[in-house]
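I have placed the structure first, in the form of structure tokens, so that the comments after it can refer back to it.
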Amino acid sequence: MRSRPAKFLYAHRVLFGAAALALAVFSAFLVCFFALSQTASSLRLTVVIDAGHGGVDGGVTGVTTGVKESDVNLAYARALQEAFEDAGFRVVQTRPTEAGLYGVATAGYKKRDMLKRGEIINKSAPVLMISVHQNYFSQRARRGAQVFFRESSETSRALARAVQTSLNGMPECVKRTEALAGDYYVLNCSDYPSVIVECGFLSNEEDEKLLLDANYREKLVSAVLAGALSYLSDPAAG
Ligand SMILES: [Zn+2]
Numbered sequence: 002m003r004s005r006p007a008k009f010l011y012a013h014r015v016l017f018g019a020a021a022l023a024l025a026v027f028s029a030f031l032v033c034f035f036a037l038s039q040t041a042s043s044l045r046l047t048v049v050i051d052a053g054h055g056g057v058d059g060g061v062t063g064v065t066t067g068v069k070e071s072d073v074n075l076a077y078a079r080a081l082q083e084a085f086e087d088a089g090f091r092v093v094q095t096r097p098t099e100a101g102l103y104g105v106a107t108a109g110y111k112k113r114d115m116l117k118r119g120e121i122i123n124k125s126a127p128v129l130m131i132s133v134h135q136n137y138f139s140q141r142a143r144r145g146a147q148v149f150f151r152e153s154s155e156t157s158r159a160l161a162r163a164v165q166t167s168l169n170g171m172p173e174c175v176k177r178t179e180a181l182a183g184d185y186y187v188l189n190c191s192d193y194p195s196v197i198v199e200c201g202f203l204s205n206e207e208d209e210k211l212l213l214d215a216n217y218r219e220k221l222v223s224a225v226l227a228g229a230l231s232y233l234s235d236p237a238a239g
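In the numbering used here, each residue carries its 1-based index in the sequence shown increased by 1.
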């Protein structure tokens with residue numbers, strides 16, 4: 002004699018069997034879906050954009066307007082983020098706001114700020130890193146965008162050349178320049194292809210005016226993106 006619950010289970014065995022099978026199929030589907038979406042997101046290439054300075058460290062200041070370099074850098078970094086995201090990249094900003102990355106501005110804040118940037122870059126494992134700065138020089142006639150790379154990094158050199166070539170092709174470019182080797186923490190802290198883009202000279206009136214113009218910002222950002230894409234499509238070219 003079967004008990005009443007056992008009788009019920011036995012009588013509806015086909016129904017329970019079908020339900021168990023459906024559950025198993027659904028679980029398998031969920032596992033597959035999860036695995037596929039993981040693969041898709043892991044294929045998404047990451048770019049790190051580093052807005053130089055920030056917080057108590059304003060960087061250099063504009064010769065005419067007194068604008069802070071840190072604010073100009075942030076505007077360019079945000080525009081770069083948008084451009085790279087539109088091109089399908091995942092973008093990590095080291096400094097997404099006006100604030101510095103040092104915590105409290107006590108002794109050693111600059112070092113803490115730089116170490117944090119290095120930590121973010123290394124954690125993000127990017128296909129490339131672009132640090133955004135504005136230049137300043139005592140000879141006020143100096144103008145134009147300048148790209149820097151770490152001398153011992155061939156991939157960074159290739160990226161820097163591609164970006165500089167693209168910037169040299171802008172109609173506003175007054176003097177074509179070569180990408181230059183530079184010894185900077187943000188270039189030395191990782192082995193990912195890394196460049197500093199000095200967008201222009203805040204010590205020059207014409208450059209300052211251009212750098213604060215939203216249309217020019219879009220053009221310069223498009224030129225940087227084009228250079229980066231050219232590097233990624235043929236990393237050995239340099
Ligand atoms: Zn700077």
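Where is the CB? At the ideal position from N, CA and C, for every residue including glycine.
Model, not experiment: these values are computed from the prediction.
Distance between beta carbons of residue j and residue i, contact taken as under 8 Å
i, j, result
"V164", "D51", "Actually they are not in contact, since the Cβ atoms of V164 and D51 sit about 14 Å apart, beyond 8 Å."
"P194", "L221", "About 20 Å separates the two Cβ atoms, so there is no contact after all."
Residue i - DSSP class collapsed to helix/strand/coil
i, result
"G177", "It should be noted that the sequence gives Arg, not Gly, for residue 177. Three-state result, R177: coil."
"D72", "helix"
"R91", "strand"
"M171", "coil"
"V48", "strand"
"N205", "coil"
"T156", "helix"
"T62", "strand"
Cα-Cα separation between residue i and residue j, rounded to whole angstroms
i, j, result
"L181", "V148", "6 Å"
"G56", "L230", "32 Å"
"V105", "R177", "41 Å"
"A227", "S167", "7 Å"
"A84", "R143", "28 Å"
"A146", "Y217", "12 Å"
"G60", "D192", "26 Å"
"E206", "T65", "6 Å"
"H54", "G201", "16 Å"
Counted within 10 angstroms of its Cβ, other Cβ atoms place residue i as buried (16 or more) or exposed
i, result
"L81", "buried"
"F138", "exposed"
"K69", "buried"
"E199", "buried"
"R45", "exposed"
"D72", "buried"
Option nearest residue i by Cα separation, candidates the options
i, options, result
"M115", "V196, N136, E152, L102", "L102"
"A108", "K124, A126, D58", "D58"
"V225", "E99, P127, R162, S154", "R162"
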